[in-house]
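S.K.: Just add 5 to wherever you are in the sequence shown, counting from 1, and you've got the numbering used here.
Glycine included, C-beta positions come from ideal geometry on N, C-alpha and C.
A quick note: this is a predicted structure, and the numbers were derived from the prediction, not measured.
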Amino acid sequence: MKFFIDTADIKDIREAAAMGLADGVTTNPSLVAKTGRKFRDVLVEICDIVKGPVSAEVTAVKHDEMMKEAREYAALRKNIVVKIPLIPEGLKAVRTCKEEGIKTNVTLCFTATQALLAAKAGASYISPFVGRLDDISTDGMQVVEEILEIYNNYGFETEVLVASVRHPIHVQQAARLGAHIATCPLSVLIQLSKHPLTDSGLAKFLSDWEKVPK
Ligand code: G3P
Numbered sequence: 006m007k008f009f010i011d012t013a014d015i016k017d018i019r020e021a022a023a024m025g026l027a028d029g030v031t032t033n034p035s036l037v038a039k040t041g042r043k044f045r046d047v048l049v050e051i052c053d054i055v056k057g058p059v060s061a062e063v064t065a066v067k068h069d070e071m072m073k074e075a076r077e078y079a080a081l082r083k084n085i086v087v088k089i090p091l092i093p094e095g096l097k098a099v100r101t102c103k104e105e106g107i108k109t110n111v112t113l114c115f116t117a118t119q120a121l122l123a124a125k126a127g128a129s130y131i132s133p134f135v136g137r138l139d140d141i142s143t144d145g146m147q148v149v150e151e152i153l154e155i156y157n158n159y160g161f162e163t164e165v166l167v168a169s170v171r172h173p174i175h176v177q178q179a180a181r182l183g184a185h186i187a188t189c190p191l192s193v194l195i196q197l198s199k200h201p202l203t204d205s206g207l208a209k210f211l212s213d214w215e216k217v218p219k
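(1) Less than 7 Å separating the beta-carbons of G25 and P58?
(2) Indicate whether A75 and I107 have their beta-carbon atoms separated by less than 7 Å.
(3) At the level of alpha carbons, what is the spacing between G41 and V47?
(4) With L153 and L182 assumed to form a contact (beta carbons below 8 Å), what rounded beta-carbon distance in angstroms separates them?
(5) Quick check on the DSSP output: the alpha helix (DSSP H) that includes K209 runs from which residue to which?
(6) Just the residues with CB closer than 6 Å to a heavy atom of the ligand G3P, in chain order, which are they?
(7) Buried or exposed: which applies to V217, given that a residue is buried once 16 or more other Cβ atoms fall within 10 Å of its Cβ?
(8) C189: beta carbon under 6 Å from a heavy atom of the ligand HEM?
(9) So, for Y130: in the same chain, excluding its five sequence neighbours on each side, which residues have a beta-carbon less than 6 Å away from its beta-carbon?
(10) Excluding sequence positions up to five away, which residues of its chain have a Cβ less than 6 Å from the Cβ of A179?
(11) Label M6 either buried or exposed according to how many other C-beta atoms from any shown protein chain fall within 10 Å of its C-beta, with 16 as the threshold for buried.
(12) Taking C-alpha atoms, which residue in V170, S205, A98, W214 lies nearest to L197?
(13) Please state if the CB of E105 and the CB of K67 are separated by a distance shorter than 7 Å.
(14) Look at I54 and A22 and say whether their C-beta atoms are less than 7 Å apart.
(15) To the nearest whole angstrom, what separates the beta carbons of V63 and V87, a pair I think is in contact under 8 Å?
(16) In the DSSP assignment, the beta strand (DSSP E) including P133 goes from what residue to what residue?
(17) Give the straight-line distance between the Cα atoms of A208 and W214, rounded to the nearest whole angstrom.
(18) For the beta strand (DSSP E) that contains E164, what are its first and last residues?
(19) So, does the segment 116-130 touch the segment 75-85, judging by three or more C-beta pairs under 8 Å?
(20) Given A128, which residues of its chain have a CB within under 6 Å of its CB, disregarding the five upstream and five downstream residues?
(21) Is DSSP giving V63 helix, strand or coil here?
Next comes the structure, spelled out in structure tokens:
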């Protein structure tokens with residue numbers, strides 16, 4: 006299973022990379038806005054740290070304008086994946102990107118049928134937002150399960166990138182279902198490593214070690 010980090014914060018990306026948990030990076034306009042920096046500068050800096058796929062989201066909503074942004078981002082670094090929203094114009098842009106050899110991550114996916122359309126358009130990745138579904142009392146992981154079943158039925162090569170991950174249980178469920186990737190904020194990556202028995206066990210080992218003659 007691959008882990009991507011869901012942030013545009015360079016410090017967090019370096020931290021995840023140091024733990025071997027940055028197989029790729031996903032960004033979105035909200036995450037970029039938090040940095041207060043120009044997107045292109047941030048993008049290039051991220052690509053200098055992480056060699057895996059780095060998602061850069063278009064902000065246009067019409068095919069031609071989306072393609073203009075997609076070509077600009079894709080030309081910046083070879084590991085850039087263009088993130089495109091799951092709307093009809095976006096599906097057209099995904100098809101054009103596929104023809105031009107530009108990788109795409111289709112975002113804002115909330116149903117298995119949306120994911121089916123993205124795969125048919127030739128998306129490299131599909132991003133179901135599990136946390137935002139859970140927020141409205143809909144089982145986000147159920148959608149991931151349905152997408153995996155459908156993709157498996159037809160042999161689609163689109164990778165399932167579980168997004169809007171809020172806690173370790175989302176990651177555990179994604180892994181059990183065989184999702185290809187989970188993209189997580191650094192806080193969730195850290196939480197995954199935590200257990201109170203690990204902390205108390207370590208504290209005991211360290212205090213006992215003080216009693217060992219040196
Ligand atoms: O990058 C998209 C996604 O992971 C956003 O997550 O927490 O804003 O729903 P969240």
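M.R.: According to the structure shown:
(1) Taking C-beta atoms as the reference points, G25 and P58 fail to come closer than 7 Å.
(2) Contact: yes.
(3) Distance between the alpha carbons of G41 and V47: 10 Å.
(4) The beta carbons of L153 and L182 sit about 6 Å from each other, so the pair counts as a contact at 8 Å.
(5) First-last of the alpha helix (DSSP H) with K209: 201-215.
(6) Taking each Cβ in turn, the ones that pass are D11, T31, N33, F134, G136, R137, A168, S169, T188.
(7) Counting the other CB atoms within 10 Å of its CB gives V217 a total below 16, which places it among the exposed residues.
(8) Summarising the ligand content, the structure contains the ligand G3P and does not contain the ligand HEM.
(9) Correct list, in chain order: N110, E164, L166.
(10) Only V167, A187 meet the Cβ criterion.
(11) Exposed.
(12) Cα-wise, what sits closest to L197 is V170.
(13) The criterion of a C-beta distance shorter than 7 Å is not satisfied by K67 and E105.
(14) It is a contact, given that the beta carbons lie within the stated cut-off.
(15) The pair is a contact, with the Cβ atoms about 6 Å apart (cut-off 8 Å).
(16) Here the beta strand (DSSP E) through P133 covers 130-133.
(17) If I take the Cα positions, the gap works out to 10 Å.
(18) Here the beta strand (DSSP E) through E164 covers 164-167.
(19) No, the segment 116-130 is not in contact with the segment 75-85.
(20) These residues qualify, in order along the chain: V99, T109, V111, T163.
(21) Note: V63 maps to coil in three-state DSSP.
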